[in-house]
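S.K.: Residue numbers (my numbering): 6 to 314.
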Ligand code: PGA
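1) From residue 165 to residue 224, what does the alpha carbon distance come to, in whole angstroms?
2) For the beta strand (DSSP E) holding residue 126, just list the boundary residues, first then last.
3) When we look at the beta-carbon of residue 312 and count the other beta-carbons within 10 Å, is it buried (16 or more) or exposed?
4) Using the rule of at least 16 other Cβ atoms within 10 Å of the residue's Cβ for burial, across every protein chain shown, is residue 263 buried or exposed?
5) Could you tell me which residues DSSP puts in a beta bridge with residue 102?
6) Within 8 Å, do at least three Cβ pairs link the region 68-76 to the region 97-109?
7) Are there 16 or more other CB atoms within 10 angstroms of the CB of residue 123, so buried, or fewer, so exposed?
8) Under a Cβ-count criterion, where at least 16 other Cβ atoms within 10 Å of its own Cβ denotes burial, should residue 215 be classed as buried or exposed?
9) Should residue 66 be listed as close to ligand 1, given that the test is whether its C-beta is under 7 Å from any heavy atom?
10) Starting from residue 268, trace the beta strand (DSSP E) both ways and give me its first and last residue.
11) For residue 301 and residue 60, what's the separation of their Cα atoms in angstroms?
12) Check this for me: beta carbons of residue 286 and residue 64, under 8 Å apart or not?
13) Compare the Cα-Cα distances from residue 245 to each of 196, 256 and 293 and report the closest residue.
14) Between which two residues does the beta strand (DSSP E) carrying residue 225 extend?
15) Excluding five sequence neighbours on each side, which residues of the same chain lie with their C-beta closer than 6 Å to the C-beta of residue 185?
16) Under a Cβ-count criterion, where at least 16 other Cβ atoms within 10 Å of its own Cβ denotes burial, should residue 275 be classed as buried or exposed?
17) Assign residue 135 to buried or exposed, taking buried as 16 or more other Cβ atoms, counted over all protein chains shown, within 10 Å of its Cβ.
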């Protein structure tokens with residue numbers, strides 16, 4: 006075994022994850038068999054099942070307002086050295102805006118890491134002191150922009166309509182908005198989670214052109230799980246991701262199958278595998294754990310396991 010480089014422990018972990026994913030896909034197949042969406046042929050259904058299995062995972066690090074130039078350099082050096090192009094997941098880093106140029110230059114020669122921003126103005130240009138436009142972010146090499154993070158909603162009063170306009174502004178520049186949705190603890194306790202998530206998502210979808218949905222991502226981040234160490238269970242997260250996928254498919258059923266839906270809220274190296282094993286969870290948006298290279302790389306490697314199906 007050792008001669009051919011096969012690590013039996015890794016092998017076991019891989020097969021456990023594979024069986025979990027197949028189990029949830031199999032249950033999905035059974036469910037769809039009894040209730041195929043209207044107008045769906047079984048051929049279309051099986052193509053979408055294969056699409057589900059093939060969706061590339063995306064692991065996004067949201068550094069928030071942390072770090073310094075030297076911190077950014079050392080974290081990026083670690084990620085560039087520790088990441089592997091053979092892992093199928095996409096790694097994305099979202100540093101504070103002032104470090105975007107610097108990080109962009111560091112990753113210029115690498116296919117491993119994509120760049121994202123944490124926020125963008127809804128306006129294309131103009132007298133908006135302190136704001137950064139989507140075209141400026143695009144010029145710096147950003148591929149993704151987080152929109153409507155709960156901290157922006159909570160501390161800067163961003164309402165659904167503004168989040169929708171920001172998502173559109175990002176998309177108008179050819180970048181992928183990662184639109185964040187998620188309920189507070191009180192809303193969950195009052196059984197309003199679904200209504201809140203759908204309201205936040207609908208605001209964006211109502212403005213977003215249906216034919217651009219392939220370049221759109223959603224992050225489900227229950228507010229009660231962000232930075233609290235209290236992660237949603239994989240089943241709780243999967244349930245909400247299914248609601249989101251259903252809503253997306255009402256807008257564009259084919260693109261909805263390809264649209265990445267990420268989970269965020271206290272994800273770390275220890276809990277990532279069980280979250281990523283769920284069939285509608287296409288990656289993670291990670292705050293605290295993205296500031297530690299070993300932890301972030303661990304999550305990234307967990308996501309890569311699913312490349313084999
Ligand atoms: P956390 O943050 O991983 O520290 O909970 C997630 C986020 O806010 O995107």
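Where is the CB? At the ideal position from N, CA and C, for every residue including glycine.
These numbers come from a predicted model, not from an experiment.
M.R.: In terms of the structure at hand:
1) As a position in the chain shown, residue 165 is number 160, starting the count at 1. As a position in the chain shown, residue 224 is number 219, starting the count at 1. Rounded to whole angstroms, residue 165 to residue 224 spans 15 Å at the Cα level.
2) The residue you call residue 126 lines up with position 121 of the chain shown. Per DSSP, residue 126 belongs to no beta strand (DSSP E) and is neither H nor E.
3) Counted from its first residue, the chain shown places residue 312 at position 307. Since pLDDT at residue 312 reaches only 40, below the 50 mark, its modelled position is unreliable, and the value read off the structure follows with that caveat. Classified as exposed, residue 312 has fewer than 16 neighbouring CB atoms from the shown chains inside 10 Å of its CB.
4) As a first step, residue 263 is located in the chain shown; it is residue number 258 there, counting from the start. The residue in question, residue 263, is buried, as its Cβ has 16 or more Cβ neighbours within 10 Å.
5) Counted from its first residue, the chain shown places residue 102 at position 97. Under DSSP, residue 102 forms no beta bridge with any residue.
6) Under the 8 Å Cβ criterion, the region 97-109 counts as touching the region 68-76, having at least three qualifying pairs.
7) Position 118 of the chain shown holds residue 123. It counts as buried.
8) Here the question's residue 215 lines up with position 210 in the chain shown. Its Cβ having fewer than 16 others within 10 Å, residue 215 is exposed.
9) Position 61 of the chain shown, counted from the start, is the residue given in the question as residue 66. Not so, every heavy atom of ligand 1 lies at least 7 Å from the Cβ.
10) Along the chain shown, read from residue 1 onward, the residue named residue 268 stands at position 263. For residue 268, the enclosing beta strand (DSSP E) has its first and last residue at 266-269.
11) Here residue 301 is taken as the residue at index 296 of the chain shown, counted from 1. Here residue 60 is taken as the residue at index 55 of the chain shown, counted from 1. Cα to Cα, the separation comes out at about 20 Å.
12) Numbered from 1 along the chain shown, position 281 holds the residue referred to as residue 286. Numbered from 1 along the chain shown, position 59 holds the residue referred to as residue 64. Not in contact: residue 286 and residue 64 (Cβ atoms no closer than 8 Å).
13) Indexing the chain shown from 1 puts residue 245 at position 240. Residue nearest to residue 245 within the set 196, 256 and 293 is 196 (criterion: CA-CA distance).
14) The residue you call residue 225 lines up with position 220 of the chain shown. It spans 222-225 - the beta strand (DSSP E) in which residue 225 sits, taken as one unbroken run.
15) Locating residue 185 in the chain shown gives position 180, where the first residue counts as 1. Counting only Cβ-Cβ distances below 6 Å, and skipping sequence neighbours, we find 153, 154, 224 and 226.
16) Mapped onto the chain shown, residue 275 falls at position 270. Exposed is the call here.
17) Translated into positions along the chain shown, residue 135 becomes position 130. Answer is exposed; the Cβ neighbour count stays below 16.
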